[in-house]
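There are 2 protein chains.
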Amino acid sequence: MSHMGYGCLMAVDREHVLRSAAALLTRRATATMDEVAKAAGISRATLHRQFAGRDALVRALEELGIQECEAALDAARLDDDTAREAVRRLVREFESAAGLLGFLYTENQLFEGEEQNAGWARIDARIAALFRRGQQSGEFRIDLTPAWLTEALYGLFASGAWAVSEGRVAAKDFQYMIVELLLGGALRREES
Amino acid sequence: MSHMGYGCLMAVDREHVLRSAAALLTRRATATMDEVAKAAGISRATLHRQFAGRDALVRALEELGIQECEAALDAARLDDDTAREAVRRLVREFESAAGLLGFLYTENQLFEGEEQNAGWARIDARIAALFRRGQQSGEFRIDLTPAWLTEALYGLFASGAWAVSEGRVAAKDFQYMIVELLLGGALRREES
DNA sequence: CCCGCGTGAGACATGTATGTCTCATATGGG
DNA sequence: CCCATATGAGACATACATGTCTCACGCGGG
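Which chain is which? The protein sequence lines are C and D, in order.
Per the numbering used here, the first sequence starts with residue 1, numbered consecutively.
Per the numbering used here, the second sequence starts with residue 1, numbered consecutively.
What follows is the structure, encoded as structure tokens:
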């Protein structure tokens with residue numbers, strides 16, 4: 001009876017394992033597969049049955065991160081309103097994914113050799129397009145390239161998440177600090 | 001004749017090894033001790049004679065990074081001029097150290113357990129003091145805390161260095177992009 | 001010329017994370 | 001009630017970086 005594929009009793013749900021792994025690896029990027037398994041409340045054997053290895057797990061987390069980003073981008077409705085309002089929504093929607101993103105961001109530097117997942121290029125393109133729209137509408141400065149503004153946003157997310165986890169910035173100020181610094185730099189001077 | 005301590009033939013010079021290691025680890029944070037040795041043009045044995053282990057090497061690199069930062073801070077003369085000019089000088093002086101800083105920044109997250117080197121706190125304090133001076137002089141906004149501005153500067157350095165190494169930003173624009181984005185956010189609106 | 005010192009090369013042991021396997025168990029469905 | 005299936009526990013081999021050691025070589029000084 002292999003026709004069911006999913007349903008049935010299906011003990012561990014992949015989703016929960018991924019969430020636990022994301023939460024743990026966000027804090028300790030070097031956590032062991034054993035620790036990941038414990039964090040998810042399953043045995044290392046079962047973890048390994050679902051993800052062929054640490055590599056596969058990280059790739060799956062990457063997929064998850066990409067999905068969350070694209071969902072956040074959808075929810076932020078980047079084409080509506082003024083560009084700066086869209087940026088605010090973007091930061092708001094991204095906050096919950098900031099931790100995972102930070103992990104993947106540094107983890108990607110270790111994949112150096114291989115080509116990176118095409119999903120990131122799509123996400124980069126959507127965010128860069130938002131900044132470009134803002135430039136064309138006259139809201140944003142044109143001397144800072146959309147590509148750089150995109151990278152800078154990532155960097156601010158990373159340091160923001162880090163600062164919060166270190167207690168140097170209050171969690172409730174996370175969005176405000178990032179948006180205000182980024183927009184203040186991206187908006188033209190004669191801005192409200 | 002142990003009274004010389006340094007001079008003599010003293011084959012490998014510690015400085016050169018550190019520089020090579022910094023250059024390599026900046027690109028590939030997971031490089032092997034063997035690769036580090038090869039990059040420095042010495043054998044693993046000799047490398048190990050100078051630095052008791054990978055840990056010791058990273059600590060030494062941390063010391064080097066701290067020294068470079070403090071030298072950059074001195075050279076930037078943070079107390080002179082307007083705060084924004086001081087920030088420009090700061091970014092300029094920091095550029096050459098950006099790669100090493102990026103490596104140490106992510107590496108520090110792995111030390112999570114142990115207390116971090118007091119040097120970083122000193123550096124943080126000096127930079128935060130600059131932002132605070134700018135706030136008190138009325139140049140900078142007061143709704144973004146000095147601590148956050150400091151962290152944000154680190155984040156922008158990291159993403160800037162990364163973007164340059166990935167070819168998304170031209171190396172010659174590195175300083176400009178960072179300074180303009182940061183200052184645009186830190187300066188009050190009615191700014192030149 | 002000989003000796004000492006630092007180096008390079010490599011063998012060897014170690015620790016650790018990982019991948020793989022087996023087996024007992026429990027749970028749920030037929 | 002019995003069986004299938006997935007899980008948990010643990011043993012086991014492997015790969016790899018690391019730490020340690022020995023030994024031969026070369027260079028410079030006495």
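All C-beta atoms, glycine included, are put in the ideal place defined by N, C-alpha and C.
All of these numbers come straight from a predicted model, not from anything done at the bench.
Judged by their CB atoms, C:Gly-155 and C:Met-177 are not nearer to each other than the 8 Å cut-off. Taking all protein chains in view, the Cβ of D:Leu-110 is surrounded by fewer than 16 other Cβ atoms within 10 Å, so the residue is classified as exposed.
DSSP, read as helix, strand or coil, puts D:Phe-94 in helix. For D:Leu-181, the nearest CB of chain C lies under 8 Å from its own CB, placing it at the interface with that chain. In the DSSP assignment, C:Ala-171 falls outside any alpha helix (DSSP H) and carries neither an H nor an E.
Take the alpha-carbon of C:Asp-173 and the one of C:Leu-153: they are about 16 Å apart.
Here C:Arg-126 really is in contact with C:Leu-78; their C-beta atoms are around 7 Å apart, less than 8 Å. For the pair C:Leu-181 and D:Leu-130, the CB atoms are not nearer than the 8 Å cut-off. C:Phe-140 and C:Phe-157 have their C-alpha atoms spaced approximately 20 Å apart. Per DSSP, the unbroken alpha helix (DSSP H) holding D:Leu-25 starts and ends at 14-27. In this structure, DSSP gives D:Phe-140 an extended state, which the three-state scheme calls strand.
One finds Ala-29 in chain D with Cβ atoms closer than 7 Å to the Cβ of C:Gln-109, taken in chain order.
Against chain D, the CB of C:Arg-54 has no partner CB under 8 Å away; the residue lies outside that interface. For D:Phe-51, the secondary structure class from DSSP, reduced to helix, strand or coil, is coil. Counting only Cβ-Cβ distances below 8 Å, D:Ala-163 has contacts in chain C at Ala-147, Trp-148 and Glu-151, in chain order.
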